[in-house]
């Protein structure tokens with residue numbers, strides 16, 4: 014099936030943005046098929062999702078799913094030196110899909126987006142990102158969202174994916190968790206509190 018991908022990287026006062034039509038059976042495959050195709054096709058313009066508020070993004074992890082707290086601090090230090098957080102091939106770490114009601118669901122790059130958000134970035138146009146959607150920015154299917162969760166639990170997730178998050182650090186039987194944060198602001202608030210608590214010990 015064909016999916017649309019908006020890829021954008023901040024550049025001076027605007028963004029370098031491209032929109033691509035990519036084949037793939039799920040968002041992970043779409044991202045892999047995008048690699049190597051996008052570098053020469055970015056234009057100086059704001060993307061469709063440029064004004065989306067980061068604090069309204071839905072994370073796929075609770076705080077328990079954030080693996081390395083120290084990694085966020087290292088990323089923040091890089092951001093302060095005007096270094097953007099990207100993969101080795103320069104693809105954005107921050108990856109999202111359009112979900113129902115045109116909400117954005119973050120499926121990769123939680124450490125990166127936390128670092129940007131804690132450094133005061135408020136809108137997607139201020140961070141490197143890519144968003145996978147159906148054509149015309151329409152939501153992907155529930156089946157595609159279920160691919161972000163453990164295979165044995167996908168049937169349950171399809172009934173109401175908003176109820177769940179995933180924690181790949183847990184044992185196999187405990188990787189599916191009840192959602193404890195509804196948006197990225199709540200996740201960042203809990204991160205701050207835990208970070209402050211850790212620094213006091």
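Numbering (this note's numbering), first residue to last: 14 to 214. The C-beta atom is built at its ideal place from N, Cα and C for all residues, glycine as well.
Go to residue i, then tell me how far its beta strand (DSSP E) extends in each direction, as first and last residue.
{"i": "residue 15", "result": "15-24"}
{"i": "residue 29", "result": "27-36"}
{"i": "residue 179", "result": "177-179"}
{"i": "residue 120", "result": "117-121"}
Given this structure, state the Cα-to-Cα distance separating residue i from residue j, to the nearest angstrom.
{"i": "residue 189", "j": "residue 32", "result": "33 Å"}
{"i": "residue 24", "j": "residue 30", "result": "10 Å"}
{"i": "residue 140", "j": "residue 41", "result": "20 Å"}
{"i": "residue 149", "j": "residue 194", "result": "29 Å"}
{"i": "residue 160", "j": "residue 95", "result": "34 Å"}
{"i": "residue 153", "j": "residue 15", "result": "11 Å"}
{"i": "residue 184", "j": "residue 131", "result": "30 Å"}
{"i": "residue 77", "j": "residue 144", "result": "24 Å"}
{"i": "residue 27", "j": "residue 34", "result": "23 Å"}
{"i": "residue 204", "j": "residue 182", "result": "17 Å"}
{"i": "residue 163", "j": "residue 79", "result": "17 Å"}
{"i": "residue 121", "j": "residue 21", "result": "15 Å"}
{"i": "residue 172", "j": "residue 39", "result": "18 Å"}
{"i": "residue 59", "j": "residue 137", "result": "10 Å"}
{"i": "residue 48", "j": "residue 147", "result": "19 Å"}
{"i": "residue 5", "j": "residue 115", "result": "Missing from the structure shown is residue 5; the chain here goes from 14 to 214 and no further."}
{"i": "residue 102", "j": "residue 75", "result": "28 Å"}
State the DSSP-derived secondary structure class of residue i, mapped to helix, strand or coil.
{"i": "residue 199", "result": "helix"}
{"i": "residue 104", "result": "coil"}
{"i": "residue 185", "result": "helix"}
{"i": "residue 170", "result": "helix"}
{"i": "residue 132", "result": "coil"}
Please list, in chain order, all residues of the same chain as residue i whose beta carbon is under 7 Å from its beta carbon, the five residues on each side excluded.
{"i": "residue 128", "result": "85, 88, 89, 92, 98"}
{"i": "residue 118", "result": "71, 73, 109, 110, 112, 158"}
{"i": "residue 50", "result": "33"}
By Cβ distance below 6 Å, which residues in the same chain neighbour residue i in space, the five residues on each side in sequence not counted?
{"i": "residue 158", "result": "174"}
{"i": "residue 197", "result": "67, 68, 70, 72"}
{"i": "residue 124", "result": "84, 85"}
In chain order, what residues of the same chain lie with their CB nearer than 8 Å to the CB of residue i, ignoring the 5 residues before and after it?
{"i": "residue 169", "result": "177, 189"}
{"i": "residue 56", "result": "29, 30, 31"}
{"i": "residue 187", "result": "180"}
{"i": "residue 135", "result": "66, 67, 68"}
{"i": "residue 81", "result": "124"}
What residue does the alpha helix (DSSP H) around residue i start on, and which one ends it?
{"i": "residue 45", "result": "40-47"}
Any heavy atom of the ligand NAP within a distance shorter than 7 Å of the CB on residue i?
{"i": "residue 19", "result": "With respect to the ligand NAP, the structure offers nothing, as it holds no ligand at all."}
Only counting runs of 4 or more residues, tell me where the alpha helix (DSSP H) segments fall wholly within the segment 138-168, in order along the chain.
-> 155-159
Tell me the start and end of each unbroken alpha helix (DSSP H) in the segment 49-101 that is at least 4 residues and wholly inside, in chain order.
-> 82-93
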